[in-house]
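Visitor:
Number of protein chains: 2
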Amino acid sequence: MASQKWILMTTAQTPTNIAVIKYWGKRDEALILAVNDSISVTLDPQHLCTTTTVAVSPMFQSDRMWLNGKEISLSGGRYQNCLREIRSRASEIEDEKKGIKITKKDWEKLHVHIASYNNFPTAAGLASSAAGFACLVFSLAKLMNVQEDQGKLSAIARQGSGSACRSLYGGFVKWVMGNEKNGGDSIAVQLQDEKHWDELVIIIAVVSSRQKETSSTSGMRDSVETSLLLQHRAKEVVPKRIIEMEEAIKNRDFLSFARLTCADSNQFHAVCLDTSPPIFYMNDTSHRIISCVEKWNRSEGTPQVAYTFDAGPNAVLIARDRKVAANLLQRLLYYFPPHSDTDLNSYVIGDKSILGDVGVDEMRDVEALPPPPEAKDQIPAQKQRGAVSYFICTRPGKGPVLLSDESQALLNPESGLPK
Amino acid sequence: MASQKWILMTTAQTPTNIAVIKYWGKRDEALILAVNDSISVTLDPQHLCTTTTVAVSPMFQSDRMWLNGKEISLSGGRYQNCLREIRSRASEIEDEKKGIKITKKDWEKLHVHIASYNNFPTAAGLASSAAGFACLVFSLAKLMNVQEDQGKLSAIARQGSGSACRSLYGGFVKWVMGNEKNGGDSIAVQLQDEKHWDELVIIIAVVSSRQKETSSTSGMRDSVETSLLLQHRAKEVVPKRIIEMEEAIKNRDFLSFARLTCADSNQFHAVCLDTSPPIFYMNDTSHRIISCVEKWNRSEGTPQVAYTFDAGPNAVLIARDRKVAANLLQRLLYYFPPHSDTDLNSYVIGDKSILGDVGVDEMRDVEALPPPPEAKDQIPAQKQRGAVSYFICTRPGKGPVLLSDESQALLNPESGLPK
């Protein structure tokens, strides 16, 4: 360490992901090992991602972290596990231009600063911890010149948050539960990249909720301890579904993909309900969105849209193509219009171009939308104004990337503190 | 048949029942044979019952039935099954005073009139078909002098509506699923009569709902065909629970009774959710009632109240004794006050004497109720005005009875038509 004034920084961006075969239940709480395999779709980081800057400097007195500008504690076991695992694999680096050399031994004593930012509301229940831990591990590994493949990094991210391991890849990703006691083989693998099935369009309905939700950590612990259906699901149901889902994705077979996605989401919530005390993540609005999609799919004769819900009331809706997505958004805006003082620009975010396909330019167009044809037997088709906070239009996306443009760093290159 | 002008009538009253180990899924659709045993509590007919008058006369041209004053068709298979099974077991009767004699042969040609009345709203989802078919079979059997024991009658009522077989007894009743192909051993048996555990108090919250509900007949068919959890529940989970529940009832062990009742209700709804398309019977209000009970039970250290939900959003709450019931009603009225124009007299029905224990005489007392102590961490404890339509206070009750007082008959003794 030639000079004592330098700061070395790395910035990365990591996507979030949505499971289509769900992870629910750990067989090892500390290592975060799952009771079954799971499969996810990585979401386009342009609309939903975490950006993390990690920095190292001999000037830093301790490891520190800021999330969305606010300092948070790193003392939790999950952060500590990720930091320890990455540090233990750090390699020597040398930057002759800047006159920096860090040996493997040096890394044990050097402290890091971490700044992380989600481009979506953290509290909205959109798997922010998955993207967050994936980005932490990915950026630290780059900074510390860790010589491990992406699979090994996924096993480290897994120890921060189970589903984080799936955010190490783009496209369609499987988290293999593995067999080893130390979790060495409990890693994520990419099934297909994001270009494989790029017609898919994803609309997320962020559902308003006044209920305080059960955290997924304590929820799945309760399920493992009390649900009499969970083990049957993990041992008998999911293994078959994993094989079928891999086939469906490989063949771009939307019918099977939708059938499996919806069934597995519903079964995960069934296991939550079978827990003592029961866990309710979906609310009446979630139920109405499901009913709307089921009715439409039935009226079309073949599935147009798949739905899946994580540990919260938000619906993630996967449309088979862009045309279907426009029809879906039209239905969603019809049934779930915003409160009258809402700006359309903040009610539909992400890839707003779909609004053009719907023929909606402003709020008055939303109010003028006709009822969907399959709603004809409901007189009048009930509108639920304000039940949805906003919609995010997105698609399957790529995995983690390094941001080489220093202006995108979240830490000041002089002070190592948040900008 | 000496004179051709006579009418012979019988009137009976039959209770409804609420399952504490649920029946969900048939192994034979036509005979209504269940995939698992179930256990129920019979509800006091004073508050929830069906009254049925059946009449026979050579003057009647066809079998006819009136439900709550409105004529309904008897052509459905379920009515036809019950009528056929009872008729085939009819015995000779002779009333020398009235000069009436009906031979076994005569019964084949004679027609019946049936008038049935529920002392509770039919559409409220309170198992009206259970009480209805039980009463139909019980009263017809009496009228036709059927020489069968109550178990055999329960097997006939079962062919009208599965859960109807359990309404042939008071107290605590088991529907044994049986093994025989013809359903001859699929009958109800009384586990304990209503005096065995008479401290229990039951409060039913009739929950407001705008959703059209899936009928239990089509719902359970869909579950049998599509749920991957249902068979596991029926084969592995319920048999053990049946044994434990029988023990709990025998020993008046409220802790086990409550634990099993709540877990089995939640598992039944979990199977509904695991169905394709998923079935949602509980709504946000149902969930809030569960959360309220779970929180209170936890704060007391041992269960005070058990909850169970049938194929609808209504909560059936079983309190361990009257004092607990008063505390429960106080909580319910606090969290779920009526709209301001509601009369207290129509908001709490059934055994209103519990209102006195709560110290509530009029609506202003409801508004003045203090928040429950366990709600202290919610500021303010959220009230859901109008989410409950009304409460029914009741208790475990007796089985079917004959009403000998002719003034209680629902058919005119001269015309054989509804009064």
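Protein sequence lines correspond, in order, to chains A and B. The numbering of the first sequence is this note's numbering, which starts it at 33 and goes up by one. The numbering of the second sequence is this note's numbering, which starts it at 33 and goes up by one. Glycine included, every Cβ here is placed at the ideal spot set by N, Cα and C.
Could you check whether the Cβ of L261 of chain A sits closer than 9 angstroms to any Cβ belonging to chain B?
Guide: Closer than 9 angstroms to some Cβ of chain B, the Cβ of L261 of chain A qualifies, so yes.
Visitor: Given a cut-off of 9 angstroms on the beta-carbon distance, is the pair E226 of chain A and G382 of chain A in contact?
Guide: No, the Cβ-Cβ distance between E226 of chain A and G382 of chain A is not below 9 angstroms.
Visitor: Report the residues of the segment 314-346 of chain B with a CB closer than 7 angstroms to any CB of chain A, ordered along the chain.
Guide: Correct list: N315, D316, H319, I322 and E326.
Visitor: Closer than 9 angstroms, Cβ to Cβ, to anything on chain A: give me those residues from the segment 301-313 of chain B, in chain order.
Guide: Flagged, chain order: H301, A302, V303, C304, L305, D306, T307, S308, P309, P310 and F312.
Visitor: In whole angstroms, give me the CA-to-CA distance for P369 of chain B and A400 of chain B.
Guide: Roughly 11 angstroms between the two C-alpha positions.
Visitor: For a cutoff of 9 angstroms on Cβ pairs, would you count N214 of chain A as touching chain B?
Guide: No - not a single Cβ of chain B is within 9 angstroms of the one on N214 of chain A.
Visitor: Please tell me whether A295 of chain A has its Cβ less than 9 angstroms away from any Cβ of chain B.
Guide: Judged by the 9 angstroms Cβ criterion, A295 of chain A is in contact with chain B.
Visitor: Say whether chain B places a C-beta atom closer than 9 angstroms to the C-beta of N298 of chain A.
Guide: Cβ-Cβ to chain B under 9 angstroms: yes for N298 of chain A.
Visitor: Ordered along the chain, which non-local residues of its own chain (more than five positions away) have a Cβ less than 8 angstroms from that of Q112 of chain A?
Guide: Within the same chain, Q112 of chain A has close Cβ partners L106.
Visitor: At the level of alpha carbons, what is the spacing between S255 of chain B and T307 of chain B?
Guide: Between S255 of chain B and T307 of chain B, the C-alpha separation is close to 5 angstroms.
Visitor: Within the continuous alpha helix (DSSP H) that includes L376 of chain B, where are the two ends?
Guide: Its alpha helix (DSSP H) spans residues L376 to Y379.
Visitor: Do A343 of chain B and S247 of chain B have their C-beta atoms closer together than 9 angstroms?
Guide: Against a cut-off of 9 angstroms, the Cβ pair of S247 of chain B and A343 of chain B comes out as a contact.
Visitor: For the segment 78-90 of chain B against the segment 40-59 of chain B, do three or more pairs of beta-carbon atoms, one drawn from each stretch, fall closer than 8 angstroms, so that the two count as touching?
Guide: With the cut-off at 8 angstroms, the segment 78-90 of chain B and the segment 40-59 of chain B touch.
Visitor: Quick check on this structure: which residue in A:L434, A:V208, A:G210 and A:K355 has the alpha carbon closest to the alpha carbon of T83 of chain A?
Guide: Of A:L434, A:V208, A:G210 and A:K355, the residue nearest in Cα terms is A:L434.
Visitor: Check whether the segment 205-219 of chain A and the segment 333-353 of chain A touch, using three or more Cβ-Cβ pairs below 8 angstroms as the test.
Guide: No: fewer than three Cβ pairs fall under 8 angstroms.
Visitor: Let's test the definition: count the other Cβ atoms within 10 Å of the Cβ of P464 of chain A and tell me whether it reaches 16, buried, or not, exposed.
Guide: Here chain A comprises residues numbered 33 to 451, so residue 464 of chain A is not present and cannot be evaluated.
Visitor: Could you say which of A:R417, A:G333 and A:C304 lies nearest to R320 of chain A if we only look at CA atoms?
Guide: Minimum Cα distance to R320 of chain A is reached at A:R417.
Visitor: Tell me, please, whether the CB atom of R190 of chain B is closer than 9 angstroms to any CB atom in chain A?
Guide: No, R190 of chain B does not count as interfacial toward chain A.
Visitor: Given that R253 of chain B touches chain A, what residues does it touch there, using C-beta distances under 9 angstroms?
Guide: Per Cβ cutoff of 9 angstroms: no residues; R253 of chain B is ~16 angstroms from chain A at best.
Visitor: Taking Cβ positions only, does R291 of chain B come closer than 9 angstroms to chain A?
Guide: With 9 angstroms as the cut-off, R291 of chain B counts as an interface residue toward chain A.
Visitor: Tell me the start and end of each unbroken beta strand (DSSP E) in the segment 286-348 of chain B that is at least 3 residues and wholly inside, in chain order.
Guide: Correct list: 337-340.
Visitor: Straight-line CA distance for F423 of chain A to C81 of chain A?
Guide: So the alpha carbons of these two residues sit roughly 16 angstroms apart.
Visitor: Between S318 of chain B and V270 of chain B, is the Cβ-Cβ spacing less than 9 angstroms?
Guide: Not a contact, by the Cβ cut-off of 9 angstroms.
Visitor: Please confirm whether R265 of chain A has its beta-carbon closer than 9 angstroms to some beta-carbon of chain B.
Guide: Closer than 9 angstroms: yes.
Visitor: If contacts are defined as beta-carbon pairs under 8 angstroms, then L158 of chain B and F152 of chain B qualify, I think. What distance do you get, rounded to the angstrom?
Guide: Sure, about 6 angstroms apart at Cβ, within 8 angstroms.
Visitor: How would you list, in chain order, the residues of chain B whose beta-carbon sits under 9 angstroms from the beta-carbon of V239 of chain A?
Guide: In chain order: nothing, as chain B lies at least about 12 angstroms away.
Visitor: In this structure, how does DSSP classify D353 of chain A when only helix, strand and coil are distinguished?
Guide: Residue state, collapsed to three classes: coil.
Visitor: What residue range is occupied by the uninterrupted alpha helix (DSSP H) comprising T249 of chain B?
Guide: S248 to T258 is the span of the alpha helix (DSSP H), which, as asked, contains T249 of chain B.
Visitor: Is H79 of chain A helix, strand or coil by DSSP?
Guide: Coil at H79 of chain A, not helix or strand.
Visitor: For V256 of chain B, which residues in chain A fall below 8 angstroms Cβ to Cβ?
Guide: Per Cβ cutoff of 8 angstroms: no residues; V256 of chain B is ~15 angstroms from chain A at best.
Visitor: Checking the sheet assignment: what are the DSSP bridge partners for L434 of chain B?
Guide: According to DSSP, L434 of chain B bridges with B:A44.
Visitor: In terms of residue numbering, what span does the alpha helix (DSSP H) encompassing A189 of chain A cover?
Guide: Q182 to R190 is the span of the alpha helix (DSSP H), which, as asked, contains A189 of chain A.
Visitor: R96 of chain B by DSSP, collapsed to three states: which one?
Guide: Of the three classes helix, strand and coil, the one that applies to R96 of chain B here is strand, per DSSP.
Visitor: By the DSSP assignment, the alpha helix (DSSP H) with E61 of chain A in it spans what residues?
Guide: Note, E61 of chain A: premise wrong, no alpha helix (DSSP H); not H, not E.
Visitor: Would you mind reading off the limits of the beta strand (DSSP E) that contains V398 of chain B?
Guide: Unbroken run through V398 of chain B is the alpha helix (DSSP H), M395 to E399; no beta strand (DSSP E).
Visitor: For D127 of chain B, which residues does DSSP report across the bridge?
Guide: In DSSP, D127 of chain B forms a bridge with B:I132.
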